[in-house]
Structure formats: C-alpha cells, structure tokens
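Residue 523 is where the sequence shown starts when you use the working numbering, and the numbers rise one by one after that. Here's the structure, in structure tokens; my notes come after.
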Amino acid sequence: MGLGKGLDQIFGEDLTRVLDEIQNDETSIKHEIKVTEIRANPYQPRVQFDKEKLNELAESIKEHGVFTPILVRKAINGYELIAGERRLRACKIAGLETIPAIILEMDDSQMMEVTMLENIQRENLNPIEEANGYYTLLTNLNYTQEQLAQRLGKSRTYITNLLRLRKLPTAVQEMVVEGKLSGSHVRTLLTLEDPEEITSWAKRIVNEQLSVHDLEKMLKDEKKEPAKPKKKEKDIFLMDLESSLKDKLKADVEVSKHKITISYKDNKDLNRILELLNCLEEEL
C-alpha cells in the first residue's frame, strides 16, 4: 500500500495520487461498513460543503452505487473517517445503510497530516479552513512554520500570511467561509488595524461587489484625504440657553463660549429684537 512506506516518504509526492491508488487498487481489501459506525474525521479542516453538489452525488450513488471506497481507521468504538467525507455524507443523504471502505492503520499525527495534505492538494479548502488546518498542525505536532512550509511544499511567507487570516473578526471570517470574500480581499483588509474598520469594509465589498482593485484604490484614496476634525459637542447649558433665546427673540441665535450671535433680517427686524431686549432708548 502507498501509505505503508511511511509518511516521511510520501511528503514531496502527490498524496492525492497515492490515496487514489490505494482506493482503486483491486488487491485492496474492501469492507462494507455501516455508515452509523463511522465517525467524522476529528482533524478535518473543511467545514463548508456545497449542499447542491452533495445532493447530486447522493442521486448518483442511489442509481449507480459508490465506485470508490472511503478510507477509515479502527477506533475504540467503530471507525474514524480518513478520506471520503463527501461520499459518506452523500450516502447518508441517499439513505444507504453501508458504504465500501478500506481500513488503514494510522496514528493521530499521521491521520492529521494526511487529512490536511489531501484537502490542500485537492484544493477543497477556503483560506480560513486552510489557515485553521495549518494552525492545528503547528500546535498539535509542534512544528515551526519553517518545518511546516517544507513538509507542505509551501513558502514560509505563504504560511505566515495565511495564518494572519485567523486574526480577522469572526464576522469577516464567516464571509470568507461562505465564499463572499476572496483570499485577495482579506489580505488587503489585513493592512487595516481596526477590527471595526475591517468589518465595515468587508460589508462594503460584499454589498457593492467591489473587486480587489476597487478596494485597494478606495483605501489608497481614503488615506490621502485629511482626517476631518471631530465637531466638539456643545455644552448642554449653552444649548438650553440658545433654545430659550430663539423662542424669546423669534430669531436665529447661536451661543458659544464667551459669545452670543443674533441674526436679523433687516432694520425693522433689528429694532424688534432690540425692543425685546430693552435696548432702545425711549423717545422724549
């Protein structure tokens, strides 16, 4: 079997090809296992599955059956899935009681790496799922980013930049998982520091269908604009005084610190205001 060589020899190869060879090898021993006895892969980084495609696969399985067996390993109770989550989910939708499977011997660290590699090589992960998968490998297998980059065939810069996506606000991460934001969008958003600003821009991208070019241009233009000074709120006492004078004088009045400004329309209006203020001299 391909995995019998040990994982260290598989890295650098096309793991998808190795797994396909195992699943399609006529000499592989296949078992019919009850779907209720198979637990989900605890290291599966993928959380988003296309419901429409799953339903299409379920219809195909109903008509033709499962051509390619899934890969599992024995657990304390039943089995744990290694590869073939879409087939297993589709079988459950189709109402099948059993599914063909090949049983492999694999420890936790091997299972974690194989699961991660298979998903990366099949390009089934969105950027957030991929970032969370890398984080799981780093924390559970105690790899450095450099070691992980070498084992995955990626650059360290790629790993570092992808892990930064985990710092995005939860609402923005959900937009990425749902396919509303691309990896290029969020990498641009990470140039911002304020989480509220990042979330606000993310919503604009979705609502206005902004391209990455549009986003970069708008952010660049915004930086050029001088910051607008915040208007200082008026003292509540001055606001009350201003309102009282407006009612009394029936004129526009502005009250600020050390200053009262009264507006009038013409001389007649001025005399009216002066009279109200008792500022006109009495005629002899």
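Every residue gets a Cβ at the ideal spot worked out from N, C-alpha and C, and that includes glycine.
Assuming contact is defined by CB atoms lying nearer than 8 Å, are residue i and residue j in contact in what I supplied?
i: I621; j: V557; result: yes
i: A724; j: L703; result: yes
i: R609; j: F571; result: no
i: M633; j: R595; result: yes
i: A842; j: L541; result: Since the first residue of the chain shown is 523 and the last is 806, residue 842 is not available in this structure.
i: L593; j: L626; result: yes
What are the boundary residues of the alpha helix (DSSP H) that includes residue i?
i: T661; result: 649–663
i: Y680; result: 678–685
i: V708; result: 705–711
i: Q672; result: 667–674
i: A724; result: 717–730
i: A580; result: 573–586
i: G736; result: According to the sequence shown, residue 736 is Asp rather than Gly. Its alpha helix (DSSP H) spans residues 734–746.
i: E619; result: Taken as a continuous stretch (DSSP letters only), E619 belongs to no alpha helix (DSSP H), as it is neither H nor E.
i: A794; result: The residue you asked about is not Ala; residue 794 is Arg in the sequence shown. That run of the alpha helix (DSSP H) goes 789–798.
Could you name the residues that DSSP lists as bridge partners for residue i?
i: I782; result: V777
i: V594; result: L603, I625
i: T637; result: Its beta-bridge partners do not exist; DSSP assigns none.
i: T692; result: Bridge partners of T692: none, in fact.
i: I560; result: Y601
What distance in whole Å lies between the Cβ atoms of residue j and residue i, which are believed to be in contact at a cut-off of 8 Å?
i: Y565; j: T637; result: 5 Å
i: N577; j: I615; result: 6 Å
i: L603; j: I560; result: 6 Å
i: P691; j: P717; result: 5 Å
From which residue to which residue does the beta strand (DSSP E) around residue i run?
i: K552; result: Neither: K552 is in no beta strand (DSSP E) and is coded neither H nor E.
From residue i to residue j, what does the alpha carbon distance come to, in whole angstroms?
i: N789; j: I758; result: 32 Å
i: V694; j: I642; result: 22 Å
i: P567; j: M628; result: 18 Å
i: H780; j: L796; result: 20 Å
i: Y657; j: D743; result: 35 Å
i: S631; j: L660; result: 11 Å
Indicate whether at least one CB of chain C lies closer than 8 Å to the CB of residue i.
i: K676; result: Among the protein chains of the structure shown there is no chain C, as only one such chain exists.
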